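Peer 1: Quick note, the sequences are listed as chains A and B, same order.
Here the UniProt record's numbering is used: the first residue of the first sequence is 1, the next is one more, and so on.
Here the UniProt record's numbering is used: the first residue of the second sequence is 1, the next is one more, and so on.
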Amino acid sequence: MAFERNMDPKKTPMPTQDAEKRSHNFEEVALGYTYEMAVAEARRCLHCKNKPCQSACPVAIDIPGFIGRIAEEDLQGAWEILSASTALPAVCGRVCPQEHQCEGKCVRGIKGEPVGIGRLERFVADWHNAREDQKTEKPKANGHKVAIVGSGPAGLTCAGELAKMGYEVTVYEALHQAGGVLVYGIPEFRLPKAIVAQEIEGLKKLGVKVETNMVIGKVLTIDDLFDMGNEAIFVGSGAGLPRFMNIPGENLKGVYSANEYLTRVNLMKAYQQDSKTPIQRSQKVAVVGGGNVAMDAARCARRMGADEVTIVYRRSMNELPARKEEVEHALEEGIAFKTLSDPIEVLGDENGFVCGLRCIAMELGEPDESGRRRPVPVKDSAFDIPVDAVIVAIGTSPNPLIRKTTPGLETNKRGCIITEDEGGLTSRDGVYAGGDAVTGAATVILSMGAGKEAAKAMDAYIKGKNQ
Amino acid sequence: MFEIVKKEPLNATVTKMVVKAPLIARKAQPGQFIIFRALPDSERIPLTIADYDREKGTVTIIFQIVGRGTMELNTLNVGDSINDFVGPLGTPSHLDGLKKVAVVGGGVGCAIAYPVAKKLHKMGAQVHAITGFRNKELVILEQDFRDISDVYKIVTDDGSYGEKGLVTDALEQLIKEGNQYDEVFAIGPLIMMKFVCLLTKKYGIKTVVSMNPIMIDGTGMCGGCRLTVGGETKFACVDGPDFDGHLVDFDEAMKRGAMYRQFEAREREEECELMQKEVEG
Ligand SMILES: Cc1cc2nc3c(=O)[nH]c(=O)nc-3n(C[C@H](O)[C@H](O)[C@H](O)COP(=O)(O)OP(=O)(O)OC[C@H]3O[C@@H](n4cnc5c(N)ncnc54)[C@H](O)[C@@H]3O)c2cc1C
Ligand SMILES: Cc1cc2nc3c(=O)[nH]c(=O)nc-3n(C[C@H](O)[C@H](O)[C@H](O)COP(=O)(O)OP(=O)(O)OC[C@H]3O[C@@H](n4cnc5c(N)ncnc54)[C@H](O)[C@@H]3O)c2cc1C
Ligand code: SF4
Ligand code: SF4
Ligand code: FES
Ligand SMILES: [Mg+2]
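#1: In this structure, does DSSP put H128 (chain B) in helix, strand or coil?
#2: Could you compute how far the alpha carbon of G348 (chain A) sits from the alpha carbon of L138 (chain B)?
#3: At a cut-off of 7 Å, would you count M458 (chain A) as near ligand 2, judging by its Cβ distance to the nearest heavy atom?
#4: Output the distance between the C-alpha atoms of N129 (chain A) and G93 (chain A), rounded to the nearest integer angstrom.
#5: Give, in chain order, every unbroken run of the alpha helix (DSSP H) that is at least 4 residues long and sits entirely within the stretch 377 to 408 of chain A.
#6: Run down chain B in chain order and give the residues with a C-beta less than 8 Å from the C-beta of P407 (chain A).
#7: Alpha carbon to alpha carbon, how far is R226 (chain B) from F353 (chain A)?
#8: Anything in chain A within Cβ reach of S42 (chain B), meaning under 7 Å, just list it in chain order.
#9: Determine the closest residue to M165 (chain A) out of A:F337, A:Q177, A:E422, A:K145, with distance taken between C-alpha atoms.
#10: I49 (chain B) and P88 (chain B) - do their beta-carbons sit closer together than 8 Å?
#11: By the criterion of Cβ-Cβ separation under 9 Å, what are the contact partners of E56 (chain B) in chain A?
#12: Residues of the stretch 14 to 47 of chain B with a CB closer than 7 Å to any CB of chain A: list them in chain order, please.
#13: Tell me which residue opens and which closes the beta strand (DSSP E) that F234 (chain A) is part of.
#14: Find the nearest neighbour of S282 (chain A) within the set A:V293, A:Y256, A:M268, judged by alpha-carbon distance.
#15: With 8 Å as the threshold, decide whether the Cβ of G132 (chain B) is near any Cβ in chain D.
#16: For I279 (chain A) and V265 (chain A), what's the separation of their Cα atoms in angstroms?
#17: Is the closest heavy atom of ligand 2 to the C-beta of P46 (chain B) under 7 Å?
#18: Could you name the residues that DSSP lists as bridge partners for P367 (chain A)?
#19: First and last residue of the beta strand (DSSP E) that includes R226 (chain B)?
#20: So if I threshold CB-CB distances at 8 Å, which residues from the stretch 245 to 262 of chain B count as touching chain A?
#21: Cα separation between M245 (chain A) and E260 (chain A)?
#22: Could you name the residues of chain A that R226 (chain B) contacts, counting a contact when the two beta carbons are closer than 7 Å?
#23: Is it the case that the Cβ atoms of C158 (chain A) and A437 (chain A) are separated by a distance below 8 Å?
#24: I63 (chain A): beta carbon under 7 Å from a heavy atom of ligand 7?
#25: Short check: CB of I60 (chain A) to CB of I70 (chain A), under 8 Å?
#26: Keeping to the same chain, check which residues put their C-beta closer than 8 Å to that of P192 (chain A); ignore five residues upstream and five downstream.
#27: Starting from V66 (chain B), find everything on chain A with Cβ-Cβ shorter than 9 Å and list it in chain order.
#28: Can you tell which of B:P213, B:E269, B:G162, B:G218 has the C-alpha that lies nearest to the C-alpha of D251 (chain B)?
#29: Does the Cβ of C197 (chain B) have 16 or more other Cβ atoms within 10 Å, making it buried, or fewer, making it exposed?
#30: Starting from P115 (chain B), trace the alpha helix (DSSP H) in both directions and tell me its first and last residue.
#31: Could you tell me whether the Cβ of G223 (chain B) comes closer than 8 Å to any Cβ of chain A?
#32: Enumerate in chain order the residues of its own chain whose CB-to-CB distance from T277 (chain A) is below 6 Å, with the five nearest sequence positions on each side excluded.
#33: Taking DSSP's pairing of strands, which residues face S257 (chain A) in a bridge?
#34: To the nearest angstrom, report how far apart E172 (chain B) and L199 (chain B) are at their CA atoms.
#35: Tell me, please, whether the CB atom of G356 (chain A) is closer than 8 Å to any CB atom in chain B?
#36: Going along the chain, which residues of its own chain have a beta-carbon closer than 8 Å to the beta-carbon of T426 (chain A), five neighbours each way excluded?
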């Protein structure tokens with residue numbers, strides 16, 4: 001080894017935009033490591049023989065491998081190792097829940113902080129993406145055609161893998177822009193849209209066709225896609241159907257699903273000064289829920305000018321399902337957390353606008369099936385939070401459109417498409433599925449993993465059929 | 001990109017456009033709609049498919065110029081292209097088995113009512129059409145309705161054309177004359193649909209209305225288009241836009257439709273100023 005190991009128990013800190021300043025803009029919060037920081041952080045890795053970190057990465061990146069290259073200042077080598085396992089490292093490095101995955105198993109985390117694996121992944125990807133001399137060679141066509149429904153991480157990954165094998169790939173996307181949750185949900189300040197755009201450009205260079213404004217099930221059905229000569233189809237339509245609380249007042253003006261709010265702000269660019277997208281400029285906002293979606297909605301509301309933003313969550317701070325870093329950033333930005341509270345009614349004024357959120361206090365009882373302690377209501381504990389907007393971020397489920405228009409496609413009682421195996425084969429011959437459409441709302445990296453496995457299975461299926 | 005092949009003003013504020021969209025034309029059915037964005041970065045706006053020609057691969061839209069989005073669309077001309085145009089969205093109207101139907105249209109709602117009336121006529125049903133407008137200048141689709149209806153009535157608020165009165169007056173008259181309708185289709189401003197429903201409820205006639213809440217995606221993703229129907233929350237873009245009018249909470253829908261009034265007024269002014277400058281410059 002040509003370098004000295006860095007035994008600092010703490011991660012090299014990530015430079016970030018000042019919290020007060022960033023609460024008023026949509027520029028990226030985490031600025032990324034410099035070269036020196038990356039090398040220093042990489043030198044904290046112990047290169048464990050049994051690679052516990054790798055086993056906790058859903059796409060099994062050779063983590064000590066790529067980190068070792070950074071430590072040796074060989075970024076090209078690091079990139080090659082990374083890109084062998086993941087199609088979107090610039091995305092995953094930013095949004096993976098690392099504390100539950102790779103970093104959660106890092107040996108250095110036992111006595112101090114784990115190696116900043118996600119930050120290093122991002123660093124290498126950004127380094128690579130900034131270079132101009134990237135060549136993508138269009139693979140040799142193999143004469144077979146496939147279709148992908150949905151352009152989220154699952155669909156894009158599947159498309160990329162199949163294109164590299166020589167398939168003629170068309171991605172069909174319902175919205176006017178490709179990228180799935182990466183463009184309509186996750187905000188600019190956490191995942192710059194330019195990164196997603198660059199990934200999609202990369203796919204186009206591989207020959208992938210991306211057709212927007214194509215709601216499959218409406219304009220074309222899955223069966224139409226087969227009639228058009230596609231030999232296999234991947235469904236990566238996500239879990240975009242918002243759940244509501246079913247409490248009185250939920251249809252008042254100023255109550256948004258997180259999907260609506262985030263779509264207006266992100267996809268439809270209400271965050272830009274001269275935007276044509278209508279949005280309320282709210283002063284006091286309550287966001288219901290405790291996941292990444294809730295954090296994103298709260299932080300967007302703050303940036304749209306709200307003075308007071310409160311996360312209302314049924315359990316305690318310890319159970320928040322959001323990425324740890326997002327919770328920390330939200331706290332720094334002055335987002336208030338009203339935990340152990342459950343909304344029971346949205347209050348409205350005489351014009352039908354929201355003026356408050358009535359909640360009851362909760363306490364934690366016995367553990368439920370998820371292993372987390374179940375919140376139970378405290379008697380006579382109702383209280384009101386004065387707000388002029390409520391954003392509901394309590395979860396989503398798969399959209400029924402494809403299920404309803406595809407005879408023979410089986411789903412479970414939660415509306416998720418049932419798949420037979422890792423490869424994502426559904427109950428319909430030649431139809432594969434993966435990502436949130438199968439699992440319900442999950443993560444970017446799991447969706448990508450599913451897209452990749454499905455691509456292999458589709459390739460095997462088509463080859464088998466044509467023998 | 002979706003090319004405009006025909007553009008025709010129907011009155012001072014309503015325009016008809018025929019747009020090249022072969023895939024949509026192939027699947028479109030009465031009751032369905034499209035969502036367009038006139039220019040990159042425009043808002044997403046729903047419009048009913050007023051007609052379609054499967055052979056020519058075209059879709060007709062008829063829209064009232066009310067605010068920024070529709071003004072932008074109206075700046076485009078034959079040969080220009082609409083940036084985004086997606087559909088057919090929504091559930092087609094259920095028309096099977098209907099023998100005698102009153103179709104009631106108010107204002108630009110007539111554009112939404114027309115394809116339903118036309119299909120019913122083609123199916124061999126008796127169509128009694130009633131169309132209402134504020135005044136003579138605003139009358140649209142008169143000949144189109146005449147061609148497909150067995151009884152046709154035009155009413156205007158001020159009596160400047162057809163009979164003076166409201167569509168509800170004309171409908172009640174037809175009912176009182178002994179016409180027994182399997183169903184009434186009412187499409188127009190919310191307030192009009194509400195009053196038609198109050199009337200038909202009195203006579204116990206099933207009434208279908210086409211709801212037009214504020215929409216974004218049109219696929220069930222944002223929940224912005226939600227309505228209360230029979231005490232349940234429904235998404236107009238996927239569960240509708242047609243609903244049993246006797247179950248719809250119109251008062252709530254009217255409030256929700258006004259959610260962005262202030263913003264829209266500002267946008268409208270800006271757009272007007274912009275156009276004014278172009279004209280002067
Ligand atoms: C606000 C928010 C924040 C999140 N933050 C994180 C995070 O920090 N880390 C993390 O790992 N995960 C996060 N997630 C979850 C993650 O984004 C999803 O798990 C992931 O995007 C799922 O990928 P997918 O490809 O399965 O579906 P999606 O990304 O949902 O993409 C599905 C695409 O299919 C399209 N589609 C749907 N139906 C049709 C149809 N009928 N025809 C054509 N196209 C269709 C949709 O428009 C969409 O573009 C977040 C999610 C949200 C909403
Ligand atoms: C299913 C459906 C079918 C429709 N069909 C027709 C039609 O065939 N012809 C026609 O003239 N109009 C139709 N409309 C109404 C049309 O969508 C609105 O007039 C249009 O959106 C106004 O936009 P704007 O920017 O020009 O005006 P704005 O000034 O922005 O809005 C004027 C009013 O239109 C409504 N509106 C605004 N934005 C939306 C939106 N995104 N979605 C729905 N309503 C909105 C609001 O009530 C608002 O107060 C339909 C609406 C729906 C939901
Ligand atoms: S893809 Fe995610 S889990 Fe895997 S190494 Fe990267 S950040 Fe960790
Ligand atoms: S567990 Fe941590 S220290 Fe060990 S190889 Fe993985 S990243 Fe390096
Ligand atoms: S328009 Fe978004 S759910 Fe209906
Ligand atoms: Mg508008």
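Glycine included, C-beta positions come from ideal geometry on N, C-alpha and C.
As the structure is a computational prediction, the values presented were derived from the model and not from experiment.
Peer 2: Taking the coordinates as given:
#1: Locating residue 128 (chain B) in the second sequence gives position 128, where the first residue counts as 1. For H128 (chain B), the three-state secondary structure derived from DSSP is strand.
#2: Locating residue 348 (chain A) in the first sequence gives position 348, counting from the first residue. Locating residue 138 (chain B) in the second sequence gives position 138, counting from the first residue. Distance between the alpha carbons of G348 (chain A) and L138 (chain B) is about 37 Å.
#3: Stepping through the first sequence from its first residue, residue 458 (chain A) is reached at position 458. Remark: the C-beta of M458 (chain A) is outside contact range of ligand 2, defined as less than 7 Å to any heavy atom.
#4: As a first step, residue 129 (chain A) is located in the first sequence; it is residue number 129 there, counting from the start. As a first step, residue 93 (chain A) is located in the first sequence; it is residue number 93 there, counting from the start. Whole-angstrom Cα-Cα distance: 13 Å.
#5: Segments of the alpha helix (DSSP H) lying fully in the stretch 377 to 408 of chain A: 401 to 405.
#6: Counting from 1 along the first sequence, the entry for residue 407 (chain A) is found at position 407. What P407 (chain A) touches in chain B: nothing, since even the nearest Cβ is about 17 Å away.
#7: The residue given as residue 226 (chain B) occupies position 226 in the second sequence. The residue given as residue 353 (chain A) occupies position 353 in the first sequence. When rounded, the distance between both Cα atoms is 16 Å.
#8: Working through the second sequence from its first residue, we reach residue 42 (chain B) at position 42. Scanning chain A for C-beta atoms nearer than 7 Å to the C-beta of S42 (chain B) yields K276, reported in chain order.
#9: Working through the first sequence from its first residue, we reach residue 165 (chain A) at position 165. The shortest Cα separation from M165 (chain A) among A:F337, A:Q177, A:E422, A:K145 belongs to A:K145.
#10: Against the second sequence, residue 88 (chain B) aligns to sequence position 88. Against the second sequence, residue 49 (chain B) aligns to sequence position 49. Yes, the Cβ-Cβ distance between P88 (chain B) and I49 (chain B) is below 8 Å.
#11: For the purposes of this step, residue 56 (chain B) is identified with residue 56 of the second sequence, where counting begins at 1. With the sequence shown as reference, residue 56 (chain B) is identified as Lys, and Glu is not the correct amino acid for it. For K56 (chain B), none of the residues of chain A pass the 9 Å Cβ criterion, the least Cβ distance being about 17 Å.
#12: So the list reads L23, I24, K27, R37, D41, S42, E43, given in the order they occur along the chain.
#13: Counting from 1 along the first sequence, the entry for residue 234 (chain A) is found at position 234. DSSP places F234 (chain A) in the uninterrupted beta strand (DSSP E) bounded by 232 to 235.
#14: In the first sequence, residue 282 (chain A) corresponds to position 282, counting from 1. Nearest option by C-alpha distance: A:Y256.
#15: Structure shown: chain D not included; protein chains present are A and B.
#16: Working through the first sequence from its first residue, we reach residue 279 (chain A) at position 279. Working through the first sequence from its first residue, we reach residue 265 (chain A) at position 265. So the two alpha carbons sit approximately 8 Å from each other.
#17: The residue labelled residue 46 (chain B) in the question sits at position 46 within the second sequence. Yes, the beta carbon of P46 (chain B) sits closer than 7 Å to at least one heavy atom of ligand 2.
#18: In the first sequence, counting from the first residue as 1, residue 367 (chain A) sits at position 367. Note: P367 (chain A) sits in a beta bridge opposite A:R373.
#19: Start at 1 with the first residue of the second sequence, and residue 226 (chain B) comes out as number 226. For R226 (chain B), the enclosing beta strand (DSSP E) starts and ends at 226 to 229.
#20: If the cut-off is 8 Å between Cβ atoms, the stretch 245 to 262 of chain B has E252, K255, R256, A258, M259, Y260 near chain A.
#21: Start at 1 with the first residue of the first sequence, and residue 245 (chain A) comes out as number 245. Start at 1 with the first residue of the first sequence, and residue 260 (chain A) comes out as number 260. CA-CA distance, M245 (chain A) to E260 (chain A), rounds to 15 Å.
#22: Reading the second sequence from its first residue, position 226 is the one you call residue 226 (chain B). N251, listed in chain order.
#23: Translated into positions along the first sequence, residue 158 (chain A) becomes position 158. Translated into positions along the first sequence, residue 437 (chain A) becomes position 437. No, the pair does not count as a contact, with Cβ atoms beyond the cut-off.
#24: In the structure shown, ligand 7 is absent; the only ligands present are ligand 1, ligand 2, ligand 3, ligand 4, ligand 5 and ligand 6.
#25: Stepping through the first sequence from its first residue, residue 60 (chain A) is reached at position 60. Stepping through the first sequence from its first residue, residue 70 (chain A) is reached at position 70. The question names Ile, but residue 60 (chain A) is Ala in the sequence shown. No, they are not a contact pair.
#26: The residue labelled residue 192 (chain A) in the question sits at position 192 within the first sequence. Excluding positions up to five away in sequence, the list reads E28.
#27: Counting from one through the second sequence, the residue named residue 66 (chain B) turns up at place 66. Within chain A, no residue comes near V66 (chain B); the closest Cβ sits about 13 Å away, beyond 9 Å.
#28: On the second sequence, residue 251 (chain B) is found 251 positions in, with the first residue counted as 1. By alpha-carbon distance to D251 (chain B), the top candidate from B:P213, B:E269, B:G162, B:G218 is B:P213.
#29: In the second sequence, the residue the question calls residue 197 (chain B) occupies position 197. A residue is called buried once 16 or more other Cβ atoms fall within 10 Å of its Cβ, and C197 (chain B) is buried on that count.
#30: Taking the second sequence and counting its residues from 1, the one referred to as residue 115 (chain B) is at position 115. Residue range 109 to 122 is occupied by the alpha helix (DSSP H) that includes P115 (chain B).
#31: Taking the first residue of the second sequence as 1, we reach residue 223 (chain B) at position 223. By this cut-off, G223 (chain B) is an interface position.
#32: On the first sequence, residue 277 (chain A) is found 277 positions in, with the first residue counted as 1. If we look at T277 (chain A) and ignore the five residues flanking it on each side, its Cβ neighbours are R264, M268, A270.
#33: The residue given as residue 257 (chain A) occupies position 257 in the first sequence. For S257 (chain A), which the question treats as bridged, DSSP gives the partners A:V392.
#34: Locating residue 172 (chain B) in the second sequence gives position 172, where the first residue counts as 1. Locating residue 199 (chain B) in the second sequence gives position 199, where the first residue counts as 1. One C-alpha to the other measures close to 8 Å.
#35: Numbered from 1 along the first sequence, position 356 holds the residue referred to as residue 356 (chain A). It does not: the Cβ of G356 (chain A) has no partner Cβ on chain B nearer than 8 Å.
#36: Counted from its first residue, the first sequence places residue 426 (chain A) at position 426. Hits under 8 Å: V235, L409, E410, I417, I418, T419, E420, Y432, A433.
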